[in-house]
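Protein chains in written order, with this note's numbering: chain L, 1 to 205; chain V, 206 to 237.
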């Protein structure tokens with residue numbers, strides 16, 4: 001989730017790591033678009049959060065630290081809402097980058113919901129709007145925050161590693177050096193680690 | 206805050222640097 005302003009709910013670095021992992025396999029999709037796709041639901045969440053349409057509350061018995069939140073993102077993080085937003089994202093960028101890339105970007109955008117499903121505390125509804133009677137999903141890995149943080153760290157490391165291998169391969173095949181591939185891979189690793197550290201420490205609230 | 210920093214860093218900085226790597230491009234559709 002995007003905003004930690006209320007209680008500190010965030011799965012951020014793991015999403016970026018996943019995007020780097022996808023780039024290693026789907027090489028025609030631009031990395032910036034994959035990075036944007038992977039947090040697209042949270043990008044839409046931000047204005048809705050600021051407008052108090054979607055909200056965050058502290059999970060009972062917690063102190064507002066990493067993952068200690070119930071998130072009422074009933075439009076952006078409902079199963080149907082996430083699917084619609086993902087298709088819209090893939091369709092919009094697919095017009096520029098081609099059909100296959102559009103499909104990849106839509107799937108990566110929807111991967112956000114799947115990854116959030118692992119950590120969220122049973123607060124992700126089926127349908128947009130948040131009717132009280134509908135089922136809500138979430139495997140609540142945030143109940144064990146260090147396990148969730150370890151999962152995020154693993155995704156960042158895997159993303160940086162596989163990105164580096166793929167970028168190095170295409171750079172050398174084109175007759176260039178692998179220096180830029182190494183630089184970008186290190187930035188993915190260092191940036192992901194920094195975001196995760198900020199997230200876990202709650203330095204920026 | 207870290208969300209905004211993360212988006213700016215990964216989409217703008219990492220994404221722009223990655224664009225200089227010679228990745229294969231999807232063929233553009235040519236109008237008939």
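Glycine included, every Cβ here is placed at the ideal spot set by N, Cα and C.
Does the region 24 to 38 of chain L come close enough to the region 123 to 143 of chain L that 3 or more CB-CB pairs lie under 8 angstroms? Result no; under three Cβ-Cβ pairs closer than 8 angstroms.
DSSP three-state assignment for residue 71/L, whether helix, strand or coil: Secondary structure of residue 71/L (DSSP, three-state): strand.
At the 8 angstroms Cβ level, is residue 213/V part of the contact set with chain L, yes or no? With 8 angstroms as the cut-off, residue 213/V does not count as an interface residue toward chain L.
Using 8 angstroms as the threshold, is the C-beta distance between residue 166/L and residue 188/L below it? Not closer than 8 angstroms, so no.
Measure how close the beta-carbons of residue 104/L and residue 76/L come, nearest whole angstrom, since I'm counting them as under 8 angstroms. Not quite, the Cβ-Cβ distance comes to about 21 angstroms (not below 8 angstroms), so this is no contact.
Nearest residue (CA-CA) to residue 38/L, options 54/L, 18/L, 202/L and 46/L: Nearest option by C-alpha distance: 18/L.
Helix, strand or coil for residue 162/L per DSSP? In the displayed model, residue 162/L falls within a helix according to three-state DSSP.
Mind pulling the chain V residues with CB within less than 9 angstroms of residue 42/L? Residues of chain V passing the Cβ test: 208 and 212.
Do the CB positions of residue 70/L and residue 116/L come within less than 8 angstroms of each other? In this structure, residue 116/L does not lie closer than 8 angstroms to residue 70/L by Cβ.
Roughly how many angstroms lie between the CA atoms of residue 79/L and residue 106/L, to the nearest whole one? Taking the straight line from one Cα to the other gives about 14 angstroms.
In this structure, does DSSP put residue 53/L in helix, strand or coil? In the structure shown, residue 53/L falls within a coil segment according to DSSP collapsed to helix, strand and coil.
In chain order, what residues of the same chain lie with their CB nearer than 7 angstroms to the CB of residue 149/L, ignoring the 5 residues before and after it? Correct list, in chain order: 66, 196 and 200.
Quick one: does residue 191/L have its CB under 8 angstroms from some CB of chain V? Output row for residue 191/L: interface = yes.
Under a CB-based cut-off of 8 angstroms, is residue 25/L close to chain V? No, its Cβ sits nowhere closer than 8 angstroms to a Cβ of chain V.
Beta carbon of residue 170/L nearer than 8 angstroms to that of residue 228/V: Contact flag set, yes.
Kindly list, in the order they appear in chain V, the residues whose Cβ is closer than 9 angstroms to that of residue 30/L. 220, 223, 224 and 228, listed in chain order.
Reduced DSSP category for residue 145/L - H, G, I as helix; E, B as strand; rest coil: In the structure shown, residue 145/L sits in a helix (DSSP, three-state: H, G or I).
Are residue 265/L and residue 142/L close, meaning C-beta to C-beta below 8 angstroms? The structure shown does not extend to residue 265/L, since chain L spans only 1 to 205, so no value can be given for it.
Would you check if the distance between the CB atom of residue 181/L and the CB atom of residue 209/V is smaller than 8 angstroms? For residue 181/L and residue 209/V, no; Cβs fall outside 8 angstroms.
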